[in-house]
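Residue numbers for the sequence shown follow our numbering, so the first one is 1 and each next one is one higher.
Reading through the structure tokens given below for one structure.
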Amino acid sequence: MSSSRLSEDAGLPDPADLPDDAGDTAPDLFPVPYAGSSGPVPTAPHASAGSAGSAGSAGSAGSAGNEGSSVRGRLAAAQDRVRPWSAWTLRAKLVASMLALFTVISLCTGAFTVVALGRQLTGQVDDQLKSSMVRLLSDRRGIDFGLDDGDGPPRGPGDEGLVAYLPTTPTTAFPDPVGKVSAGGRGPVLLTTEQLTELQGAGLRGDPKNIELTGMGTYRVQATPVLTNGTTVGALVIGLPMDPTERTIKQMVLVATMTVGAGIVLVALLGTWLVRRNLEPLRRVAATATKVSQTPLDSGQVALAERVDASDTDTRTEVGQVGAAFNEMLDHVDEALNARHQSEQRVRQFVADASHELRTPLASIKGYAELTRREPDVVPPTVTHAMGRIESEADRMSSLVEDLLLLARLDAGRPLEQAPVDMSMIVINAVSDAHAASPGHRWDLDLPPEPVEVTGDSARLHQVVANLLANARTHTPDGTRVTTSVRPEGDWVRVAVHDDGPGVPESLQPNVFERFARGDDARVRAGGSTGLGLSIVAAVSRAHGGRVELESRPGDTTFSLLLPA
């Protein structure tokens with residue numbers, strides 16, 4: 001393409017003919033490419049790409065579906081491993097909330113900064129384009145729009161500016177579109193026909209616009225009509241490359257991303273340390289509460305010596321308020337437990353003293369009742385019957401007093417005898433006594449071939465087994481089968497008394513081992529009951545380090561005594 005100049009008849013338009021406001025919407029300067037221009041009009045590059053993409057997507061639909069299922073499966077598995085928000089610790093929630101807030105604010109700030117910077121740089125380019133456009137159109141010294149091939153400095157916008165003239169009415173000076181791009185110190189580079197065609201087909205208006213030029217990248221271009229005698233004969237297009245602006249924006253994005261990432265790491269580390277340090281008093285309060293919760297409080301002398309440290313009871317802080325309230329609660333609980341223990345001690349002492357004192361008069365009553373049977377004189381039958389009843393009730397009261405005295409001693413924590421005890425022999429003797437006391441029941445034994453031994457008090461263990469058998473005898477009718485078994489179970493020895501009687505009422509089962517607990521009238525009672533037999537079983541088992549269990553339903557009742565092997 002040769003150099004050209006405007007003819008004299010295509011003079012420079014007056015600046016008053018320029019658009020008043022670059023922001024006003026102007027008609028499309030080039031709705032179609034100039035018919036006289038050489039070179040084909042480029043087609044939309046996405047037309048063939050779309051068909052190729054369709055074929056490619058159809059070919060990979062199956063594999064994409066499988067990959068989607070696999071990804072969904074992995075996401076579901078990962079979601080199952082993540083604890084719900086409600087299960088997070090307070091420290092984790094605070095750190096996560098702080099990180100989320102910092103990340104959102106940092107991302108918003110970074111995005112705003114990048115957008116503002118991009119607009120600022122683009123505005124500077126637009127201002128430079130406008131000033132260059134005014135300078136080119138107002139220079140009346142043989143103006144050629146900076147398109148000459150002379151060795152003088154380029155008069156386009158900047159060292160890498162683009163200047164092009166796109167005629168709508170061919171003239172001698174400009175029969176075809178012409179344009180060049182300044183290349184710094186290497187001189188101008190003429191635009192190719194393809195690039196000029198892209199400028200023509202870009203639908204340029206009065207406002208600056210970004211255009212992707214083949215082989216040149218993105219340019220910010222602005223077009224203004226060239227008027228001759230009030231008639232538009234062409235358009236002057238100037239532009240500046242957007243590569244410097246894009247590089248600056250990319251660098252800003254990189255800096256913002258690195259800053260946000262470093263800030264997240266720093267906030268995570270410092271936030272975790274700060275939250276942990278500020279929650280340390282709460283952790284100490286929780287540790288004190290854990291120690292108190294592990295202290296047995298159900299019986300005996302209880303000393304709640306644990307308290308929250310004074311440094312964690314400052315009521316000016318939330319944690320201090322919790323610590324102070326917790327200490328006050330512990331003081332009240334300690335006072336209540338001490339009062340309960342003192343009351344229990346007085347009751348136990350009273351029961352022990354009363355039981356001890358009652359033994360002597362009861363022995364005297366029994367002795368005098370027995371003397372009537374040795375009287376040589378004739379005693380009236382009514383007197384004999386009355387004295388017999390007195391002796392019987394005295395025996396019953398003596399048994400009750402002995403039981404109460406035993407329970408008082410066990411409650412006081414008096415140690416029992418510790419010696420090897422053959423539980424098989426104790427069960428055999430107890431079942432033999434029960435058979436003699438109630439021959440109407442069917443008494444069975446289920447013992448292992450080898451003797452089973454435990455360490456304990458032989459007399460008390462015999463009393464426990466006898467009480468369990470007496471309970472079965474008293475609360476079941478004649479003909480009931482009662483099976484007593486002894487079985488080692490790991491570190492324990494289980495002594496079980498099973499019967500097929502009517503069972504223990506469900507409402508009574510939770511309290512069956514309490515003192516003076518009695519069955520309802522549906523349980524047949526062949527003899528008197530003090531209501532202390534099973535409570536003695538429970539107390540003696542606890543004194544030996546064991547426990548008692550009950551499983552009962554009509555036709556299937558089992559009382560079990562578990563002792564350390």
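The beta carbon of each residue, even a glycine, is placed where N, CA and C say it ideally should be.
Fair warning: this is a prediction, and the values are worked out from it, not measured in the lab.
- Counting every other CB atom within 10 Å of its CB across the protein chains shown gives F516 a total below 16, marking it as exposed.
- Burial check for W273: the Cβ neighbour count within 10 Å stays below 16, so the residue is exposed.
- Only residues of its own chain outside the window of five on either side were considered, and among them R284 have a CB closer than 7 Å to the CB of D309, listed in chain order.
- Three or more pairs of CB atoms, one per stretch, sit closer than 8 Å, so the region 111-120 contacts the region 244-254.
- Between Q222 and L269, the alpha-carbon positions lie close to 51 Å from each other.
- Per DSSP, the continuous alpha helix (DSSP H) segment holding E246 begins and ends at D243 to S293.
- Close CB contacts of L406 within its chain, under the 7 Å cut and outside five residues either way in sequence, are with I536 (chain order).
- For the pair T455 and P296, the Cα-to-Cα distance works out to about 25 Å.
- The C-beta separation of A472 from V504 comes to about 11 Å, leaving the pair out of contact by the 8 Å criterion.
- When DSSP assignments are scanned along the region 375-455, the uninterrupted stretches of alpha helix (DSSP H) that are 4 or more residues long and fall wholly within it turn out to be 381-411 and 423-437.
- Residues V379, V383, T384 and M387 of the same chain have their beta carbon placed closer than 8 Å to that of T372, with the five preceding and five following residues left out of the count.
- The three-state reading of DSSP puts P477 in coil, since its state is none of H, G, I, E or B.
- Its Cα nearest to that of A470, the residue D433 stands out among E246, V486, D433 and E551.
- Residue G533 holds the alpha-carbon nearest to the alpha-carbon of L400 among R119, A87, V134 and G533.
- Out of R83, P415, R409 and V333, the CA that lies nearest to the CA of H356 is found in R409.
- Non-local beta-carbon contacts of K209 in its own chain, meaning distances under 8 Å to residues more than five positions away in sequence, involve A202, R220, V221 and Q222 in chain order.
- If you look at D126, you'll find it in the alpha helix (DSSP H) that goes L90 to S138.
- CA-CA distance, D127 to D207, rounds to 11 Å.
- Assigned with DSSP and collapsed to three states, N229 falls in coil, not helix or strand.
- Separation of Q321 and Q345 (C-alpha to C-alpha, rounded to the nearest whole angstrom) is 36 Å.
- Ranked by Cα distance from P244, the first of I426, T218 and A77 is T218.
- Beyond the five residues adjoining it in sequence on each side, G323 comes within less than 6 Å, by CB distance, of V285, V308, D312 and T313 in the same chain, given in chain order.
- DSSP places G179 inside the beta strand (DSSP E), whose first and last residues are V178 to S182.
- Residue L404 holds the alpha-carbon nearest to the alpha-carbon of F350 among P177, S131, N229 and L404.
- Annotation: the continuous beta strand (DSSP E) that includes A496 extends over W492 to D499.
- Taken through DSSP and simplified to helix, strand or coil, D331 comes out as helix.
- Here F513 really is in contact with A538; their C-beta atoms are around 4 Å apart, less than 8 Å.
- The beta-bridge partner set that DSSP reports for S485 consists of D446 and A496.
- DSSP places D314 outside both helix and strand once states are collapsed to three, so it counts as coil.
- Relative to L166, the option among A256, L563 and T197 whose CA is nearest is T197.
- For R542, the enclosing alpha helix (DSSP H) covers residues G533 to A543.
- DSSP, read as helix, strand or coil, puts D556 in strand.
- In the structure shown, R307 falls within a coil segment according to DSSP collapsed to helix, strand and coil.
- A residue is called buried when at least 16 other Cβ atoms come within 10 angstroms of its Cβ; N467 meets this threshold and is buried.
- P451 places its beta carbon less than 8 Å from that of S424.
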